[in-house]
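Chemist:
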Amino acid sequence: MYFPAKFIIPWFLQTASLIHVRALNTSSSSQTSTTTSPTAQECSPGPDPPVSPPLNKSLALTPPMGWSSWNQFGDLIDEKLIKSTIDAMISNGLKDAGFVYVNLDDGWQRNKGPRSANPLEADPVKFPNGIKAVADYAHERGFKLGIYSGPGDETCAGYTGSLGHEEEDADMFASWGIDHLKYDSCCSHEDAPKSLVQEIVLKMSKALLASGRPIVYHACHCGWADIWEWAADEGANQWRIGQDISDEFNYPGNREKYYFDVLDMIDRGNDLVQYSGPGHWNDYDMLIIGLNGNSTQLVGTGASNIEYRTHFSMWAMVASPLLIGSDVRILDTYELQTLTNKEIIEINQDPLGISAQTVGVGYEADGDLQVYAKEMADGSYAIALLNRGTFTAEMSFSPRRDILMTWDHYRIRDLWKHKEGLYDVPYTVEVMPHEAKILRVWEVQKNASMSFFQ
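If you count by mature numbering (1 follows the signal peptide of the UniProt record, and there is no 0), then the sequence shown holds residues -23 to -1, 1 to 431, one letter each, in order.
Right under this line is the structure:
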């Protein structure tokens, strides 16, 4: 999440020297912390720290799927909301479709401001039975529970953070039965040295590993410091590639750089596909399906049903974590049909973990018509024919031309229409504005009984 500078002074740069001395300096335990502004030498990039051994690589072997509270509810969360969300995800089919993480974002904590002598603890009014009771409720129903903190004295919403208490907090999360941690720097450290961001990510990673509980680690740093290049080596299982998503498909005007629409996020990720894979995922931010312009936290007036469906399709194609950000208790039939399409989810959850990228002869990577391809574990390909423009367009796909496969005969299945056919010529279809046709393509061996489109 992002809080503009006109509302807060970025705590990250304010406390850079404090972090180095109190939380991250392992060479001397006698050094005294200071709250003075960091010197130029302290903030200079310097050499990158040595790469650590891979951590937590047995977790999140496919992109995490679930729900997160922030975009719809902000910090207005409590035990009743979380339990009713779990119940709704069972009754409406989301759990059966694979959405099993239920993640508490900011606002579960009791205290605001820097930590006092008391440990981090849940708000007794919002969570009268504690977080462990909520985790038990989730686990008994086949879910996993996620929680939130940040690498500062305060979180984005001003609650107590984990700065200097990483091991203590990781142990506490483990004792509660937590399965996922979002560790959020509030998108406030664009100018921080890369080495400092690396140290912060690694500090909590080691603490989680030492806790003895398998906890998926989301390093939420908004794409600063080229995080995709190194976060997996520092133990992160997912990391944001950009700023907060806005609730819209394609914003037509200019806006502060702190908000990405759906197309912005797709474009940002197209050059980063090589960094994502099993256990370490590029995170394109939460799903906006179901917000319909009613988010309490995001900018944007909403998108059309087709645009929301394209959003979900492309997040599946690029192997992003799929975390719903709306109120799942009131999703309508179309929204649920979109989110529970098992053929689309299968694209996202494929064990190869490959992210789709632009291909196609005759289509420009930065044009209105784009073809995306993704190799699947069974040897098939997932294909997206994306029309970013404002007019319906005819688009085509050919295995020889677009994915350089010497297939003479192939089967194509439309994953939204749930219809398929056999082809020995390029597949051609009309694609509406802002629509993505999602196809699954297999090579077939021709025999006399087969009938092909020609």
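Glycine included, C-beta positions come from ideal geometry on N, C-alpha and C.
So, is the C-beta of proline 170 closer than 7 Å to a C-beta in chain B?
Modeler: Here there is only one protein chain, and chain B is not present.
Chemist: Is the beta carbon of tyrosine 114 closer than 7 Å to that of leucine 81?
Modeler: In this structure, tyrosine 114 does not lie closer than 7 Å to leucine 81 by Cβ.
Chemist: In terms of alpha-carbon separation, which member of Leu329, Leu179, Val178 and Ile322 lies closest to glutamine 251?
Modeler: Looking at the Cα atoms, Leu329 is the closest of the given residues.
Chemist: Which of helix, strand or coil does DSSP assign to arginine 417?
Modeler: Looking at arginine 417 - three-state DSSP - the assignment turns out to be strand.
Chemist: Look at the Cβ atom of alanine 370, then the Cβ atom of tyrosine 349, and state whether they are nearer than 7 Å.
Modeler: No.
Chemist: Tell me, please, whether the stretch 91 to 108 touches the stretch 71 to 80 by the rule of three or more beta-carbon pairs shorter than 8 Å.
Modeler: Segments in contact, no.
Chemist: Just curious, the beta strand (DSSP E) that phenylalanine 374 is in, first and last residue?
Modeler: Phenylalanine 374 -> beta strand (DSSP E) spans 370 to 374.
Chemist: Measure from the alpha carbon of aspartate 385 to the alpha carbon of each residue in Asp391, Pro403, Ser373 and Met372, then state which is nearest.
Modeler: Nearest of Asp391, Pro403, Ser373 and Met372 to aspartate 385, Cα basis: Pro403.
Chemist: Tell me which residue opens and which closes the beta strand (DSSP E) that asparagine 259 is part of.
Modeler: Segment 258 to 260, the beta strand (DSSP E) holding asparagine 259.
Chemist: When you compare each of Ser188, Ile266 and Asn247 to alanine 280 by their alpha carbons, which one comes out closest?
Modeler: Checked all of Ser188, Ile266 and Asn247; the closest Cα to alanine 280 is Ile266.
Chemist: Find the nearest neighbour of lysine 159 within the set Pro128, Met149 and Lys171, judged by alpha-carbon distance.
Modeler: It is Pro128.
Chemist: Just tell me which of Cys164, Gly356, Ser223 and Ser373 has its CA closest to the CA of leucine 275.
Modeler: Taking only the C-alpha atoms, the option nearest leucine 275 is Ser223.
Chemist: Where leucine 300 and leucine 122 are concerned, what is the direct C-alpha to C-alpha distance, given to the nearest angstrom?
Modeler: Approximately 13 Å between the Cα atoms of the pair.
Chemist: Using a 10 Å radius around the Cβ and a threshold of 16 neighbouring Cβ atoms, would you call aspartate 309 buried or exposed?
Modeler: That one is exposed.
Chemist: Counting Cβ pairs, one atom from each stretch, are 3 or more of them under 8 Å apart for the stretch 313 to 322 and the stretch 55 to 67?
Modeler: Verdict: no, contact absent.
Chemist: Does glutamine 347 come out as helix, strand or coil in the three-state DSSP assignment?
Modeler: Of the three classes helix, strand and coil, the one that applies to glutamine 347 here is strand, per DSSP.
Chemist: Quick check for students: name the residue ranges of the beta strand (DSSP E) that lie wholly in the stretch 126 to 191, counting only runs of 3 or more.
Modeler: List check, beta strand (DSSP E) in window: 157 to 161.
Chemist: Assign histidine 142 to buried or exposed, taking buried as 16 or more other Cβ atoms, counted over all protein chains shown, within 10 Å of its Cβ.
Modeler: Histidine 142 is buried by the Cβ-count criterion.
Chemist: Report the CB separation of histidine 411 from phenylalanine 237 in whole angstroms; it is logged as a contact under 8 Å.
Modeler: Going by Cβ atoms, the distance from histidine 411 to phenylalanine 237 rounds to 16 Å, so no, they are not a contact pair.
Chemist: For alanine 296 versus serine 357, is the C-beta distance shorter than 7 Å?
Modeler: Contact flag unset, no.
Chemist: Tell me whether valine 193 sits in a helix, a strand or coil according to DSSP, three-state version.
Modeler: Valine 193 falls in the strand class under three-state DSSP.
Chemist: With distances taken between CB atoms, is the gap from alanine 213 to tyrosine 228 smaller than 7 Å?
Modeler: No, these two residues do not count as a Cβ contact at 7 Å.
Chemist: Just checking my contact of serine 303 with asparagine 48 at CB under 8 Å: how many whole Å lie between their CB atoms?
Modeler: Yes, serine 303 and asparagine 48 are in contact; Cβ-Cβ is about 7 Å, under 8 Å.
Chemist: What residue range is occupied by the uninterrupted alpha helix (DSSP H) comprising glutamine 49?
Modeler: Taken as a continuous stretch (DSSP letters only), the alpha helix (DSSP H) holding glutamine 49 covers 47 to 50.
Chemist: Helix or strand or just coil, what does DSSP make of tryptophan 393?
Modeler: Coil.
Chemist: For isoleucine 307 and alanine 37, I'd like the C-alpha separation in whole angstroms.
Modeler: Near 28 Å, if we compare the C-alpha coordinates of alanine 37 and isoleucine 307.
Chemist: Could you give the residue range of the beta strand (DSSP E) that holds aspartate 207?
Modeler: The amino acid occupying residue 207 in the given sequence is tryptophan; aspartate does not appear at that position. Neither: tryptophan 207 is in no beta strand (DSSP E) and is coded neither H nor E.
Chemist: Quick check: the Cα distance between cysteine 163 and leucine 173, rounded to an integer number of angstroms?
Modeler: Looking at the two C-alpha atoms, the distance is approximately 15 Å.
Chemist: Check valine 250 in the structure and name its three-state DSSP category.
Modeler: Valine 250 falls in the helix class under three-state DSSP.
Chemist: Using DSSP with H/G/I as helix, E/B as strand and the rest coil, what is tyrosine 400?
Modeler: Strand.
Chemist: Using DSSP with H/G/I as helix, E/B as strand and the rest coil, what is glycine 123?
Modeler: Glycine 123: strand per DSSP, three-state reduction.
Chemist: Helix, strand or coil, according to DSSP, for lysine 89 in the structure here?
Modeler: The answer is strand: DSSP assigns lysine 89 an E or B state.
Chemist: What residues match up with phenylalanine 289 in a beta bridge as DSSP calls it?
Modeler: DSSP lists no partner for phenylalanine 289.
Chemist: From the DSSP output, which residues share a beta bridge with valine 408?
Modeler: Note: valine 408 sits in a beta bridge opposite Ala370.
Chemist: Along the chain, where does the alpha helix (DSSP H) containing asparagine 325 start, and where does it finish?
Modeler: Counting along the chain, the alpha helix (DSSP H) containing asparagine 325 begins and ends at 319 to 325.
Chemist: Using 8 Å for Cβ pairs, my map puts asparagine 364 next to valine 408. What's the rounded Cβ distance?
Modeler: Contact holds; Cβ gap of about 4 Å.
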